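Residue numbers (our numbering): 989 to 1099.
The beta-carbon is built from N, C-alpha and C at its ideal position, and this holds for glycine as well.
Bear in mind the structure is a predicted one, so any value in this text is a computation, not a measurement.
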Ligand code: AMP
Ligand code: ZN
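Pasting the structure below:
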């Protein structure tokens, strides 16, 4: 997808601090962390919105959450973590390539 910053990160065209990668997803550090640990889990397939889920993408999203759970200790998230997906601009979505925010590394307040 042209001009999509996360597609460019997936393609290695712009740098990111990657902490995990497999054939269908990458996890890298958020450039403006909102918690002590703030990572983004991004599918390699471009689609913009949570509302564009179909059966295949829902299964991919489940695998992303399974992967995060499996490697949580390596990511420093053994005490717990919060997953957030912003759907649409009113919810604060600024990058139109689906991503899961992973927040942790400290006691998180509920806002
Ligand atoms: P959202 O507001 O849910 O669309 O989240 C987009 C997130 O991407 C924000 O938390 C940004 O800080 C983060 N972000 C934007 N550009 C980059 C980048 N080049 N590398 C890492 N994180 C980024
Ligand atoms: Zn993209």
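Got a sec, what are the start and stop residues for the alpha helix (DSSP H) residue i sits in?
i, result
"residue 1053", "1043 to 1059"
Determine the extent of the beta strand (DSSP E) in which residue i is found, giving its start and end residues.
i, result
"residue 1088", "1088 to 1092"
"residue 1071", "1069 to 1072"
"residue 1009", "1006 to 1009"
Is residue i helix, strand or coil when you go by DSSP?
i, result
"residue 1025", "strand"
"residue 994", "helix"
"residue 1062", "coil"
"residue 1077", "helix"
"residue 1020", "coil"
Please name the residue, chosen from the options, that lies closest to residue i on a Cα-to-Cα basis.
i, options, result
"residue 1094", "1015, 1021, 1008, 1000", "1021"
"residue 950", "1078, 1085, 1026, 1050", "Only positions 989 to 1099 of the chain appear in this structure, which leaves residue 950 out of reach."
"residue 1006", "1023, 1012, 992, 1027", "1027"
"residue 1015", "1098, 1063, 1069", "1063"
"residue 1019", "1077, 1002, 991, 1013", "1002"
"residue 1051", "1077, 1068, 1031, 1067", "1031"
Contact check, residue i vs residue j under 8 Å by CB: the rounded distance?
i, j, result
"residue 1056", "residue 1090", "6 Å"
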